[in-house]
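Each remark here refers to the structure printed beneath this line.
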Amino acid sequence: MWKNIFFTYEVESTFEGAWQQTLYLAALSGSRIKRLEYFDPSNPKKLDTSARILTVQNALQTLLDQTAEQTGTKVPVALGGIDQEKLSEPGPPGHERIIELAQRLKPVLIVMPTHGRQILEHFLLDTLAEKVLQHCQVPILSVRNPEPREITPFGYRRIVVACDFQPSCLSAIKTAQHLAASSGAQLDVVHVLDFRLLPEFPGSQNIQDDQLVRLKKWCEDHEIQNASQTVEVGVPSTEIVHHADETNADLIVVGSHGRSGLSHFLLGSVAEQVLRKANCPVLVVK
């Protein structure tokens with residue numbers, strides 16, 4: 168699925184959760200990994216992350232080996248066989264630098280940990296991810312959880328993907344479908360009726376029912392199999408995140424252009440808002 172994965176992280180931060188996700192996806196896809204680690208130039212002693220990188224890799228490989236022994240199912244590529252290249256620079260980098268490197272390294276997926284030791288830093292890091300999202304034309308995986316998440320014997324347990332019936336969402340849903348099939352996860356396709364755009368009259372419930380019929384037909388027409396369909400009512404980003412929280416999802420997948428033009432100006436990109444609100448990793452697909 169992804170030939171190259173570009174993983175960027177700060178050496179002074181907790182990035183193990185995002186690194187685990189990077190390794191797992193690389194093993195599923197047979198990807199090469201390009202790592203950009205950036206460090207605080209004011210720190211007199213640059214931290215060495217080699218041990219942390221290797222600890223996560225060894226722990227994940229042990230789990231994958233146990234899974235293969237128990238189920239006979241294994242990922243296509245052993246973690247030790249993944250081609251890795253590391254760059255190290257003073258930071259933090261601006262979104263221009265990340266995009267410049269992305270264009271040079273030609274990844275097809277960027278993985279960025281988002282975290283915050285303080286509220287302001289959290290805001291700035293989220294803003295960095297959003298700026299990269301706005302200006303870069305490749306998928307981005309944002310991983311907020313600092314610690315490695317549990318990876319079950321079948322990989323992801325549940326993946327939630329948003330559907331707004333726009334052409335841009337089909338690529339996101341196909342990506343989610345592939346990941347679910349590769350990892351054995353339950354796939355939930357969620358459409359949200361924006362209550363701010365709904366008329367208020369007694370027959371409004373019929374609209375939700377009609378949209379569920381439409382969603383099921385849309386999935387059938389696009390060969391989205393082995394997936395549940397749900398229609399929620401509310402603010403799209405809020406309901407997508409709420410559904411993921413309620414179902415304990417491991418991953419949210421969204422398309423990058425759910426809204427555009429005046430609607431985007433007034434309400435903001437649904438993908439950007441999900442990045443800010445989600446408690447699990449978010450994959451934004453162009």
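Plus 167 on top of the position in the sequence shown (first one is 1) and you've got my numbering. We treat Cβ as the ideally placed atom computed from N, Cα and C, and that holds for glycine.
Can you tell me whether T240 is helix, strand or coil according to DSSP?
In the three-state scheme derived from DSSP, where H, G and I count as helix and E and B as strand, T240 is classed as coil.
Buried or exposed for R202, going by 16 or more other Cβ atoms inside 10 Å?
Burial call: buried.
Quick check: what's the CA-CA separation for V400 versus V437?
Each residue's alpha carbon lies about 15 Å from the other.
Quick check on H302: buried or exposed, where buried means 16 or more other Cβ atoms within 10 Å of its Cβ?
It counts as exposed.
Alpha-carbon spacing of V451 relative to Q270, whole angstroms
Rounded to the nearest angstrom, the two C-alpha atoms are 18 Å apart.
Using three-state DSSP, classify D412 as helix, strand or coil.
If DSSP states are grouped into helix, strand and coil, D412 belongs with the helices.
Quick one: complete beta strand (DSSP E) runs, 3+ long, within the segment 177 to 236?
Within the segment 177 to 236, the complete beta strand (DSSP E) runs of at least 3 residues fall at 199 to 206.
Using only alpha-carbon positions, find the residue among S196, Q188 and F173 that is nearest to E204.
Comparing Cα-Cα distances from E204 to each of S196, Q188 and F173, the minimum goes to F173.
Based on Cα-Cα distance, which residue from R324, A348 and D207 lies nearest to G258?
Checking every option, the nearest Cα to that of G258 belongs to D207.
Would you decide whether L346 is buried or exposed? Buried here means 16 or more other CB atoms lie within 10 Å of its CB.
Buried, since its Cβ has 16 or more Cβ neighbours within 10 Å.
If you draw a straight line from the alpha carbon of L337 to that of H358, how long is it in whole angstroms?
Taking C-alpha positions only, L337 is separated from H358 by approximately 13 Å.
Mapping the DSSP letters down to three states, classify A329 as helix, strand or coil.
In the structure shown, A329 sits in a strand (DSSP, three-state: E or B).
Helix, strand or coil for S309? Go by DSSP, reduced to three states.
Here S309 sits in strand by DSSP.
Three-way DSSP call (helix, strand, coil) for I249 in this model:
It is coil, neither helix nor strand.
Do V449 and I419 have their C-beta atoms within less than 7 Å of each other?
I419 sits close to V449, with the two beta carbons spaced by under 7 Å.
Residues near W186 in its chain [Cβ-Cβ closer than 6 Å; skip 5 each side]
Shown here for W186: same chain residues with a beta carbon closer than 6 Å to its own, the five before and five after excluded, namely V223 in chain order.
In whole angstroms, what is the alpha-carbon distance linking Q353 and M168?
Answer to the nearest angstrom: the Cα atoms are 19 Å apart.
Near K383, what residues of its chain come up, given a Cβ to Cβ distance below 8 Å and the 5 sequence neighbours on each side ignored?
The residues are Q396.
What would DSSP say about E406, mapped onto helix, strand or coil?
DSSP places E406 in helix when its eight states are reduced to three.
Name the one or two DSSP bridge partners that E140 has.
Because the chain in this structure spans residues 168 to 453, residue 140 falls outside the shown range and cannot be described.
Over the uninterrupted beta strand (DSSP E) stretch that includes I419, give me the two end residues.
For I419, the enclosing beta strand (DSSP E) begins and ends at L418 to G422.
The alpha helix (DSSP H) enclosing P334, as first and last residue numbers:
Residues P334 to S350.
Counting only the same chain and skipping the five closest in sequence on each side, list residues whose C-beta sits under 6 Å from that of F182.
Contacts found: Y176 and P280.
Residues sharing a beta bridge with M279, DSSP
Partner(s): S309.
For E387 and K453, what's the separation of their Cα atoms in angstroms?
Cα-Cα distance, rounded: 22 Å.
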